[in-house]
Structures are given as structure tokens and as C-alpha cells.
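Structure first, commentary second.
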Amino acid sequence: GAGVSQTPSNKVTEKGKYVELRCDPISGHTALYWYRQSLGQGPEFLIYFQGTGAADDSGLPNDRFFAVRPEGSVSTLKIQRTERGDSAMYLCASSSGRVPGANVLTFGAGSRLTVL
Amino acid sequence: KQEVTQIPAALSVPEGENLVLNCSFTDSAIYNLQWFRQDPGKGLTSLLLIQSSQREQTSGRLNASLDKSSGRSTLYIAASQPGDSATYLCAVTDSGAGSYQLTFGKGTKLSVIP
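Those sequence lines, one after another, are chains A and B. All residue numbers for the first sequence refer to the working numbering, where the first residue is 1329 and numbers rise by one. All residue numbers for the second sequence refer to the working numbering, where the first residue is -5 and numbers rise by one.
Given below as C-alpha cells:
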């Protein structure tokens, strides 16, 4: 696609529920990132995929968070047993990733998650 | 652990003024530094990318400089316009772990008054 697409744009759920957030990166981009942005803060790194594999998941806050990218394109961020503190904007970004250090990231519009 | 600080947190200027946004980072071992723009409730738009070997980058009315050794960057906006009103975020690409993850500052919220 022309840009990074994220769905849903808004998600309201109840505490304890399961949530999936989807990211469709730019076609051909091998690198995919998830970030989380709380109100008034800068985005914080969650996980990085290079192709199908999670090359760095050091930013995932706990084992309730999990992400997959089974075919090296679309990625899904999964949150189990949601808590109010999970409320944030979840941002996805992709890049060609072929030249280390020259990675201009293209971000999607984000998925705003609200846990009641 | 890399920390990025942006000063000021908010800035209000009259239309037409030139302005400077500041960014500092604690670890100079970076691949690059990027400036992003974020409109309320929206995603991020990349404005300028400066490689660690470069000193500055320019795009239109925007000029970003990088002093890697002192851990500082500035974003200069010339002849500001109301449409420039947004939050501006600075981010560095850390070289650790090979993931090229970005570490962001909290941003500077800019308001340009007509």
C-alpha cells in the first residue's frame, strides 16, 4: 500500500478483555516496529520485526503483550487481560531496513486503545 | 540507557517568527537523529533525518543540526505559519542490539498564533 495502515483507529474495551491491533506496512518493507505512546509522552519502543521474526521484543512490558508477523507483511499486536494502564496510542512503523542506520521510518496513524 | 530531552515543552509564537526547538540526548553512540511532527490524535510524520556523520539537513523552511559529540540537535523553523502548529518530536536511533529502535523525547508543543 501507499502508507502504513492501522486498524482499528479506535478501540474501547473493558478491563480483562482481549484485544488485537493490526498493522499493514508499506509493501516491500521488511522492518516493522510497534511503539506505544501514552498521553503527553513520546512513543516508547515495544517490538521490532525483520521479516517474519521478532528480532527485538525487549520493549514489551509483560507477557500479556504479544505480536506476530507470520508472512513477513501484516503484523498483529495482541494484548491479553487488558488493564486500564494499557490505554494508549499504539503506533506501527515500517522501513526498508536494508541499510543500517539509514532507516527512515514511516508511521501509521495509530490505534487508540481505551480500557474502561 | 539513552534519554532524550526536549526543551521547551511548549512554545507559542506569533506568525512569521523564526524559532528554534532543542533536543539533547545522553548517549552519543547513535546511528542517526530524526525530527517528527505529530498533529493531535494522529501518527508521526518524519520531517528530517540526520545521519551521525552529518551536521545538518534542510527541507524547505526547516533546518536541523546535529552536534553528536555534545549530544544536541536543534530544529530551526523559519517564517512560522499557523499550519506549523503541532507537537515536534526528536528521536535517536540507538546502536545497541541491532534493532535500530528509536528513543523519543516527550516533544515540544508549538502554537503559531495568526
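All residues carry an ideal CB built from backbone N, CA and C; glycine is no exception.
Report yes if the CB atom of residue i is closer than 8 Å to the CB atom of residue j, and no otherwise.
i	j	result
B:A58	B:L69	yes
B:I24	B:K62	yes
B:G37	A:G1436	yes
A:P1371	A:Q1378	no
A:L1285	A:Y1418	The question about residue 1285 of chain A has no answer, for chain A in this structure spans 1329 to 1444.
A:R1397	A:R1409	no
A:Y1361	A:C1420	yes
Count the other CB atoms within 10 Å of the CB of residue i; is the residue buried (16 or more) or exposed (fewer)?
i	result
A:S1343	A small correction: the amino acid at residue 1343 of chain A is Lys; Ser does not occupy that position in the sequence shown. Per the 10 Å Cβ criterion, exposed.
A:K1339	buried
B:D33	exposed
A:I1375	buried
A:G1413	exposed
B:I44	buried
B:N26	buried
B:A73	exposed
A:P1353	buried
Can you tell me which of the options puts its alpha carbon nearest to the alpha carbon of residue i?
i	options	result
B:V14	B:C84, B:D88, B:Q95	B:C84
B:A3	A:R1392, A:S1424, A:G1331, A:G1368	A:G1368
B:L56	B:Q75, B:K100, B:G65	B:Q75
B:Y82	B:L60, B:S53, B:S40, B:A72	B:S40
A:L1405	A:Y1363, A:A1383, A:S1423	A:Y1363
A:P1336	A:A1416, A:I1354, A:S1439	A:S1439
A:G1400	A:G1356, A:G1387, A:Q1334	A:G1356
B:T20	B:S6, B:R66, B:S89	B:R66
Comparing the C-beta of residue i with each C-beta of chain A, is any distance below 8 Å?
i	result
B:K100	yes
B:L96	yes
B:L69	no
B:K36	yes
B:L43	yes
Answer with yes or no whether the minimum CB distance from residue i to chain B is below 8 Å.
i	result
A:F1435	yes
A:F1373	yes
A:Y1418	no
A:D1463	One cannot answer for residue 1463 of chain A here, as it falls past the ends of chain A, which runs 1329 to 1444.
A:G1368	yes
Residues of chain E with a CB under 9 Å from the CB of residue i: which are they?
i	result
A:G1438	Annotation note: the requested chain E is absent from the structure, which comprises protein chains A and B.
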